[in-house]
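These notes are about the structure you will find just below.
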C-alpha cells in the first residue's frame, strides 16, 4: 500500500501543511461537547457503545476541523481501552477516518513485551500480511517502550521497516518523574542516553530520501536543554515531542528538537487543542470546530515563529 | 464486589487448588485446534470476528479443563489486539468466563504512561466507579511497565488499592535481552533493583492478612540466582514469574521466588500448556482437554516437588 519510507511520507506532509504539529485524539467522556453526548446517549444509552459513538463523532469533528492545518493525528489507546471492545472499535474507525482525509496516524500505545508477544503487538498495529484472518486497518506508526531491552524492540523494528511504517521508541518522556529511571547515571551516560544509542543503531537501518529514518524517538518537550543532547545522539531519527500545551511547553522550548534543516520533530498537543472549546464556551458544532481551528493555528504559528527566530524555518 | 485484599484472595485460592500455576491464555490462530477453526470459519468467515470466535471457544475449552487444578489465568492482551475490536471482545468474554468459573484473572498488558493516561489505563482494566458510561468487566490484576517513573505508577497503585485489585510491576523480565536496561549498574544497585525498591515502598501501603501485598512484581524464572535478591528486596510482594515451560525454566529454577512460608510466587506458563495437544497429536475436544489437563498436572507436580525438596511446600 505504502511505497514510500515512513519518514519521507511524514516530511512530505509536513511541508505541504506547513505544520510540525501532531494532534492527540484523547477523548474523555466528561469533556465531550453536550450536543454529541446527548445524541450518543439517545442512540445507544450510557454504556461502552454510547461512549464509543460519542468518541467517533467528536473525533470526526476534530479531524474535519484540523485536516487542512496539520499532517498527523495521534489517538492514545488508553482513552479508548476504557470502553472495552466498543472503545477499540471507535479507535479503528477514527484511524480509518483520519487516513481517508489524508492524515498520518501515530498509535500512541507504548507497547513492549518479550519477542513473541512484541511480534503480536506489532502485527496488531501494522497488520499481518501472512495472516488471512486479520481484517482491521493499520496505523502509520506506533510508540513503544524499551524497558525489556533489544530483543523486545527488534520485532517492532523489523515489521516497521518491512511494512514502511514508523516507530517512536520512548527515550525521555515529558512527565515530572521521567527521571526516576531515565536520568539514572551509568558508566556510559544516563539510561535515556543508552536507549538513544539503541534507537540510533536501529535508525541507521532505514534512512529515506528525506535524510530521516522510519525509526524515531519520543523526547519530551518539558526538558528543552536535553533535546540538544538527544538530537546529536540520534541525528536521523524523527522525534515525537509530547508536553506542548497543557503540560507546559511552548514553541521556544522545542526548537532544539529540530535539526538545522528545519525538520526532525513532531510536536504533539492534545487537551489544549481538542478541548479548546471549553475555554471559549463554544456550544454548537460550528463553534466547537472554530475553537479547535483557532487553537491549531495558534500552535502552528507559535512553533513556526520559534523556528524562524532560531533560523530553522524551512518555508 | 471484592471485600478481600487482592493478595489474600490469591493465597486462599492457591491453597484451595494446591497450585502455584498461572495459565497464560495466549491464543495464536495458526495453533488453534482444527475443529474449532472450522466452526469459526463456517460461522463468521476468515476475519477478525472469526478469529475472535475461535479464541473464545478455545479459551473456554482450556478454562473448563484447568478450573479444578489452577487458581489463576493470564490472558495476554497482545494476542487479542491482533484482531482489533473483535479480539478485545474475545478478551473480555474470556475474562468473564474465567471469573464465572471462580478463577482470578491477571491482565498481562504491561501498560505504562504519564499520569492522566496511566489513570485511563487503570480505569480500562479495574473499572471506573465514577463513570457511568463504562460497562465492560474488570480484571483482578494487571501487569505494568515502570520506564516512565513513579508518577506514572502512582495512578495504578492508587486504583489497585482502592478497588482491591492487584498489580505486578515489571522488575526483571524473562527474555534474553532483559539485562540491556534492567541490569545496568548504578550507584545504588541495578536499575531492576531500583524498581524493586519502588515496588517495595508501594507494597507496604496495602498488606493483607496473608502477609502479602496487592502490589507485586514481575520477576522472570530464567534468572534463578537473582530471585533470591529480589525476594529479599520485596518480602511482601507476590511475584509473577514468567519463563516456565517454553522459555526453558523448570520447577527447581523458581523455588527462590518463594518465601519460607511456601507462598509469594505465581509461576506462569502459556504455550507449553495450551498447545500441549500438538505434541500429543490430540484431535477431538476431549483429547485436547486431556492433553491440557496432563500438562497442568505435570506443571503442578513439578513445582510442588521442587518446593518440597527445599522445604517450602505448605500443604
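Protein chains in written order, with the UniProt record's numbering: chain V, 1 to 315; chain D, 1 to 315.
All C-beta atoms, glycine included, are put in the ideal place defined by N, C-alpha and C.
Quick check: what's the CA-CA separation for residue 294 of chain V versus residue 270 of chain V? Roughly 14 Å between the two C-alpha positions.
Counting only beta-carbon separations shorter than 8 Å, does residue 123 of chain V have a partner in chain D? Residue contact with chain D for residue 123 of chain V: present (Cβ-Cβ distance below 8 Å to some residue of chain D).
What does DSSP give as the partner residues of residue 106 of chain D in its beta bridges? Under the DSSP definition of a beta bridge, residue 106 of chain D partners with D:141.
Using a beta-carbon distance cut-off of less than 8 Å, what residues from the stretch 170–200 of chain D approach chain V? Going along the stretch 170–200 of chain D in chain order, one finds 170, 173, 174, 175, 176, 177, 178, 179, 180, 181, 182, 184, 185, 186, 187, 191, 194, 195 and 198 with a Cβ nearer than 8 Å to chain V.
Name the residue from D:122, D:107, D:160 and D:120 whose alpha carbon lies nearest to the alpha carbon of residue 139 of chain D. Residue D:107 holds the alpha-carbon nearest to the alpha-carbon of residue 139 of chain D among D:122, D:107, D:160 and D:120.
Would you call the stretch 142–155 of chain D and the stretch 107–123 of chain D touching, i.e. three or more CB-CB distances under 8 Å? Judged by Cβ distances under 8 Å, the stretch 142–155 of chain D makes contact with the stretch 107–123 of chain D, as three or more pairs qualify.
Determine, using beta carbons only, whether residue 1 of chain D comes closer than 8 Å to chain V. Reliability fails at residue 1 of chain D, whose pLDDT of 47 lies under 50, so the model's placement of it is uncertain and the value that follows must be treated cautiously. With a threshold of 8 Å between beta carbons, residue 1 of chain D makes no contact with chain V.
Between residue 143 of chain D and residue 315 of chain V, what straight-line distance do the alpha-carbon atoms span, to the nearest angstrom? Note on geometry: alpha-carbon atoms of residue 143 of chain D and residue 315 of chain V lie some 46 Å from one another.
Inter-residue Cα distance where the pair is residue 57 of chain D and residue 36 of chain D: Taking the straight line joining both Cα atoms gives about 7 Å.
With 8 Å as the threshold, decide whether the Cβ of residue 223 of chain D is near any Cβ in chain V. Cβ-Cβ to chain V under 8 Å: no for residue 223 of chain D.
Endpoints, the beta strand (DSSP E) within which residue 74 of chain V is located: 72–75 is the extent of the beta strand (DSSP E) around residue 74 of chain V.
By the criterion of Cβ-Cβ separation under 9 Å, what are the contact partners of residue 148 of chain D in chain V? Chain V residues near residue 148 of chain D: 110, 145, 170, 173, 175, 177, 178, 180, 181 and 182.
Does the Cβ-Cβ distance between residue 113 of chain V and residue 78 of chain D come in under 8 Å? Contact: yes.
Using a Cβ-Cβ cut-off of 7 Å (strictly less than) and excluding sequence neighbours within five positions of residue 312 of chain D, which residues of its own chain qualify? Around residue 312 of chain D: 255, 258, 260 and 262.
When you compare the CB of residue 135 of chain V with every CB in chain B, is at least one pair closer than 8 Å? The structure shown contains no chain B; its protein chains are V and D.
What does DSSP give as the partner residue(s) for residue 239 of chain D in the beta ladder? In the DSSP output, where bridge partners are listed per residue, residue 239 of chain D has D:217 and D:265.
Under 9 Å (Cβ pairs) to chain V, residues found in the stretch 58–91 of chain D: Listed in sequence order: 76, 77, 78, 79, 80, 81, 82, 83, 84, 85, 86, 87, 88, 89, 90 and 91.
Can you tell me whether residue 125 of chain D is buried or exposed? The criterion is at least 16 other CB atoms within 10 Å of its CB, across all chains shown. The residue in question, residue 125 of chain D, is buried, as its Cβ has 16 or more Cβ neighbours within 10 Å.
Amino acids of chain V, ordered along the chain, whose beta-carbon sits closer than 7 Å to that of residue 117 of chain D: Those are 76 and 78, listed as they occur along chain V.
Using a Cβ cut-off of 9 Å, which residues of the stretch 272–299 of chain D contact any Cβ in chain V, in chain order? Here the close residues number zero.
What span of residues does the beta strand (DSSP E) with residue 22 of chain V cover, start to end? DSSP places residue 22 of chain V in the uninterrupted beta strand (DSSP E) bounded by 21–25.
Once DSSP output is grouped into helix, strand and coil, what is the label at residue 125 of chain V? DSSP places residue 125 of chain V in the helix class (H, G or I) of the three-state scheme.
For residue 85 of chain V, is the classification buried or exposed, using 16 other Cβ atoms within 10 angstroms of its Cβ as the cut-off for buried? Burial state of residue 85 of chain V is buried, judged by a 10 Å Cβ sphere holding 16 or more other Cβ atoms.
Please confirm whether residue 23 of chain D has its beta-carbon closer than 8 Å to some beta-carbon of chain V. Not one chain V Cβ lies under 8 Å of residue 23 of chain D.
Out of D:274, D:225, D:183 and D:215, point me to the one whose CA is closest to residue 264 of chain D's CA. Among D:274, D:225, D:183 and D:215, the Cα nearest to that of residue 264 of chain D is on D:215.
Backbone CA spacing between residue 219 of chain D and residue 42 of chain D [nearest angstrom]: Each residue's alpha carbon lies about 42 Å from the other.
Tell me which residue opens and which closes the alpha helix (DSSP H) that residue 58 of chain V is part of. Segment 48–66, the alpha helix (DSSP H) holding residue 58 of chain V.
Note down the Cα distance separating residue 91 of chain V from residue 11 of chain D, rounded to an integer number of angstroms. Rounded to the nearest whole angstrom, the C-alpha separation of residue 91 of chain V and residue 11 of chain D is 38 Å.
Cut-off 6 Å between Cβ atoms - residues of its own chain near residue 1 of chain V, not counting five sequence neighbours on either side: Summary for residue 1 of chain V: the model assigns pLDDT 48, below 50, so the residue's position carries little reliability, and this model does not support an answer.
Does the beta carbon of residue 210 of chain D come closer than 8 Å to any beta carbon on chain V? With 8 Å as the cut-off, residue 210 of chain D does not count as an interface residue toward chain V.
Can you find the residues in the same chain that come closer than 7 Å, C-beta to C-beta, to residue 316 of chain V, ignoring five residues on each side of it along the sequence? With chain V represented from 1 up to 315, any question about residue 316 of chain V goes unanswered, as that position is not in the structure.
Collapsed DSSP secondary structure at residue 45 of chain V in the structure displayed: In this structure, residue 45 of chain V counts as coil in the three-state DSSP scheme.
Where does residue 157 of chain D fall in DSSP's three states? Correct three-state label for residue 157 of chain D: helix.
Compare the C-beta of residue 12 of chain V against all C-beta atoms of chain D and say whether one is closer than 8 Å. No, no contact with chain D.
Unbroken beta strand (DSSP E) run spanning residue 168 of chain V, endpoints: Counting along the chain, the beta strand (DSSP E) containing residue 168 of chain V begins and ends at 166–172.
Applying a beta-carbon distance threshold of less than 9 Å, which residues of chain D neighbour residue 237 of chain V? Chain D residues near residue 237 of chain V: none, gap ~18 Å exceeds 9 Å.
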